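J.:
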Amino acid sequence: MSNKAILEQATVIFKRDYPGLSAEAIICFLVTMDLGQPTVGDVARAVGMTEPTAYQHLSLLTGSGAGLIVLINTGDGRNQIQLTDKGQAVAAAVNQALAG
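Under our numbering, residues 1 to 100 are what the sequence shown spells out, in order.
1. Within a Cβ cutoff of 7 Å, which residues of the same chain sit near residue 6, ignoring the five residues on either side of it in sequence?
2. Per the contact definition of three or more C-beta pairs closer than 8 Å, is the segment 29 to 36 in contact with the segment 51 to 70?
3. Can the beta-carbon of residue 69 be found closer than 8 Å to that of residue 37?
4. Cutting at 7 Å between CB atoms, please list the residues of its own chain near residue 62, excluding the five before and the five after it.
5. Under the rule that 16 or more other beta-carbon atoms within 10 Å means buried, what is residue 77, buried or exposed?
6. Under the DSSP definition of a beta bridge, which residues are partnered with residue 39?
7. Alpha helix (DSSP H) containing residue 71: first to last residue?
8. If we define contact as Cβ-Cβ less than 8 Å, is residue 61 a contact residue for chain C?
9. Cβ of residue 47 within 8 Å of Cβ of residue 79?
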């Protein structure tokens with residue numbers, strides 16, 4: 001499946017359940033799914049954004065936004081990303097849509 005097809009499938013899920021999310025936030029979520037428990041810097045490098053820009057988009061996915069991730073300060077200046085239960089459910093739905 002092409003990257004475009006993956007993004008189109010994922011966008012259907014996100015726009016149905018989280019219509020306010022930007023395409024960039026959706027891409028950051030997909031990268032987080034792929035990388036496991038990355039840091040904000042890992043996601044930024046993977047998508048070609050600066051860390052502040054990636055952080056801004058990831059913030060839309062936190063509890064104050066969609067509630068799909070939590071950002072955990074590791075104490076060394078990094079923020080690790082973890083999927084919440086809600087985020088894991090969305091990840092499972094995306095994986096199922098991509099498999100079928």
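Quick reminder that beta carbons are idealized off the backbone N, C-alpha and C, glycines included.
Since the structure is predicted, the reported quantities are computational estimates derived from the model, not experimental observations.
T.: So, from the data block:
1. In the same chain as residue 6, and ignoring 5 residues on each side of it, the C-beta atoms closer than 7 Å to its own belong to 98, in chain order.
2. At 8 Å Cβ cutoff, the stretches touch.
3. Against a cut-off of 8 Å, the Cβ pair of residue 37 and residue 69 comes out as no contact.
4. Only 69, 70, 71 meet the Cβ criterion.
5. With fewer than 16 other CB atoms across the displayed protein chains lying within 10 angstroms of its CB, residue 77 is exposed.
6. Answer is 80, bridged to residue 39.
7. Where residue 71 is concerned, there is no enclosing alpha helix (DSSP H), although the beta strand (DSSP E) it sits in stretches over 69 to 73.
8. Looking at the structure shown, chain C is missing, and only one protein chain is on hand.
9. No, they are not a contact pair.
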